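Visitor: Its first residue numbered 1, the sequence shown is counted upward by one per residue in UniProt numbering.
I am attaching a structure below and will ask some questions about it afterwards.
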Amino acid sequence: MTLPAGHPLVDGRTSASLLVRAMRGDRPATRPVWFMRQAGRSLPEYRAAREGTEMLEACLTPDLAAEITLQPVRRLGVDAAVYFSDIVVPVLLAGVGVRIVSGRGPVVDEPVRSASDVLRLRPLDPDALAPIREAVGIVVDGLGSTPLIAFGGAPYTLASYLVEGGPSKDQLRTRALMVSDPHTWAALLNWCADVTGAFLRAQVEAGASAAQLFDSWMGTLSRGDYQKRVAPHSRRAFDALRGTEVPRVHFGLGAGEVLDLLPAIGAEVIGIDWRLPLEAAAERIGAPLPLQGNIDPAYLGAPWDLLAAHARDVMRRGDALPGHIVNLGHGVPPETDPDVLARLVELVHAEP
Ligand code: CP3
């Protein structure tokens, strides 16, 4: 797949942006910053826009999804937008009954737990992604030279919701299926990789300048299982973007024990959670890749001086990297004061 001529990376709108430069291994004088989950409940304008609309309905209403995506860029001054949607949107568009329950997360009507359940999963019809393409088009027109980041859920994270039927602490049922029926497991993860790959591709074709895979629950896997039974499927999801030259970010929560396995999966940038200092993460990765991260979200609720000192420390630890994109180690907590986020963006931009 090659990008169309009017794509922001091709026509030059975003190719010299701080984000794209840092993701390609450059060190612009100002470091780019954005926040995972920057669009959402911490913003009063988000709560107002969402009033009376279900989460997944909001995701599939192009002008509403576009407006919510743009809100944090206007208010916080971040260097990128991240498309407002959810990792289960392509699952829904492939015909699986799923809702998002506030305060809980995605809940699946009929969990997928057997070979016959997996056989019933249908491929995602590319036409079903039309509302995604439309929303991304509106966002990209509104952003000008600010890049949009596409995202998708990693196959294991998606599979965990399908098998458990909802959020779970340790994904035990999911891992039980993985070890007891490897054939069904591989078929399920391939399906997840294909729907997430198609979702990422639709966002990139419609104008996103970077893409991130959220491997949120990989931290519950053993190293051996991650390497053998999960990583090949994450690679398959990333492969959906091969040939586009859009920088790809791989973010894994609790990925410390497998960081050295990530470069082979294919991303150009690795997202780091708050558990390891950046220089230690870089050493474990063992390849000179730009890193994204890793301000501990807990500091967003601490006195400003502590947050400021912590953010500066993160930046000093990122000084020697081939590229550094400042972010949190996980998503913005809903109770965060947006003024604190805006002040943090100013600090990052003022700091060498
Ligand atoms: O980062 C962004 O600003 C873009 C939007 C985004 C959302 N979900 C919007 C959302 C992104 C990137 C996601 C990814 C996502 N969704 C992940 C991976 C990232 C991670 O956090 O590790 C996961 C595991 C999900 C599944 C999911 N969806 C959960 C756990 C929840 C929270 C449920 C709750 O109410 O606490 C959701 C719902 C969700 N996705 C909300 C938003 C803004 C909240 C919906 C609301 O306003 O009620």
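Note that CB positions come from ideal geometry on N, CA and C, so glycine has one too.
Bear in mind that the values here come from a model prediction, so they are computed numbers and not experimental data.
#1: How many angstroms separate the CA atom of PRO167 from the CA atom of VAL101?
#2: Is VAL101 a contact residue of ligand 1, with contact defined as CB to any heavy atom under 8 Å?
#3: Helix, strand or coil for PRO106 per DSSP?
#4: In whole angstroms, what separates the C-alpha of LEU172 from that of TRP217?
#5: Along the chain, which unbroken stretches of the alpha helix (DSSP H) at least 4 residues long are found entirely within the region 1-45?
#6: Helix, strand or coil: which one does DSSP assign to GLY252?
#7: Going along the chain, which residues of its own chain have a beta-carbon closer than 6 Å to the beta-carbon of PRO334, five neighbours each way excluded?
#8: Please state whether the Cβ-Cβ distance between ALA311 and LEU341 is less than 9 Å.
#9: Could you tell me which of GLU245, GLY293 and TYR83 sits nearest to PHE251, measuring between CA atoms?
#10: Does the contact criterion of 3 or more C-beta pairs under 8 Å hold for the region 194-208 versus the region 147-162?
#11: How long is the line joining the alpha carbons of PRO290 and GLY318, rounded to whole angstroms?
#12: Would you identify the three-state DSSP class for residue 353, choosing helix, strand or coil?
#13: Quick one: does the C-beta of HIS330 sit closer than 8 Å to a heavy atom of ligand 1?
#14: Using CA coordinates, which residue listed in SER145, PRO106, SER180 and LEU119 is at the minimum distance from GLU164?
#15: For ASP215, which residues does DSSP report across the bridge?
#16: With a threshold of 8 Å on Cβ separation, who are the neighbours of ALA29 within its own chain once the five nearest residues in sequence on each side are excluded?
#17: Kindly give me the distance between the Cβ atoms of LEU321 and LEU344, rounded to whole angstroms, as I take these residues to be in contact under 8 Å.
#18: Given the structure, does VAL96 come close to ligand 3, in the sense that its CB is under 8 Å from one of the ligand's heavy atoms?
#19: How far does the alpha helix (DSSP H) with ALA308 in it reach, from first residue to last?
#20: Check the DSSP bridge columns for ASN190 and list the partner residues they point to.
#21: Three or more beta-carbon pairs under 8 Å between the region 112-124 and the region 45-54, yes or no?
#22: Are VAL269 and ARG223 touching if we call contact CB-CB under 9 Å?
#23: How would you label residue 415, buried or exposed, when you count the other beta carbons within 10 angstroms and need 16 or more for buried?
#24: Should GLY256 be listed as close to ligand 1, given that the test is whether its C-beta is under 8 Å from any heavy atom?
#25: Is the region 139-147 touching the region 182-195 in the sense that three or more CB pairs, one from each, lie closer than 8 Å?
#26: Note down, in chain order, each residue of its chain lying with its Cβ closer than 7 Å to the Cβ of VAL78, except the 5 sequence neighbours on either side.
#27: Beta carbon of PRO72: closer than 8 Å to some heavy atom of ligand 1?
#28: If you draw a straight line from the C-alpha of TYR299 to the C-alpha of ARG122, how long is it?
#29: Could you pull the start and end residues of the beta strand (DSSP E) that residue 367 belongs to?
#30: By how many angstroms is the C-alpha of PRO297 removed from the C-alpha of GLY331?
#31: Alpha carbon to alpha carbon, how far is ALA287 from GLU279?
#32: Let me check understanding here. Comparing Cα to Cα, which of SER85, ASP125, SER180 and GLY271 lies closest to GLY323?
Guide: Judging by the given coordinates:
#1: 10 Å
#2: yes
#3: Note: PRO106 maps to strand in three-state DSSP.
#4: 12 Å
#5: 18-23
#6: strand
#7: ARG41 and SER42
#8: no
#9: GLY293
#10: Touching, yes.
#11: 9 Å
#12: Missing from the structure shown is residue 353; the chain here goes from 1 to 352 and no further.
#13: yes
#14: PRO106
#15: GLY252
#16: PRO352
#17: Rounded, the Cβ-Cβ distance is 19 Å, inconsistent with contact.
#18: With respect to small molecules bound, the structure shown includes ligand 1 and not ligand 3.
#19: Boundaries of the alpha helix (DSSP H) around ALA308: 304-317.
#20: Answer by DSSP bridge pairing: none, since ASN190 is not bridged.
#21: no
#22: Result no, Cβ atoms of VAL269 and ARG223 do not sit closer than 9 Å.
#23: Outside the displayed range of the chain (1 to 352) lies residue 415, so it cannot be described from this structure.
#24: Flag unset: Cβ of GLY256 not near ligand 1.
#25: Because the criterion of three Cβ pairs below 8 Å is not met, the region 182-195 and the region 139-147 do not touch.
#26: Excluding positions up to five away in sequence, the list reads VAL33, TRP34, PHE35, GLN38, PRO72 and VAL345.
#27: yes
#28: 43 Å
#29: Examination of residue 367 is not possible in this model, given that the chain is present from 1 through 352 alone.
#30: 7 Å
#31: Computed Cα separation, rounded: 12 Å.
#32: GLY271
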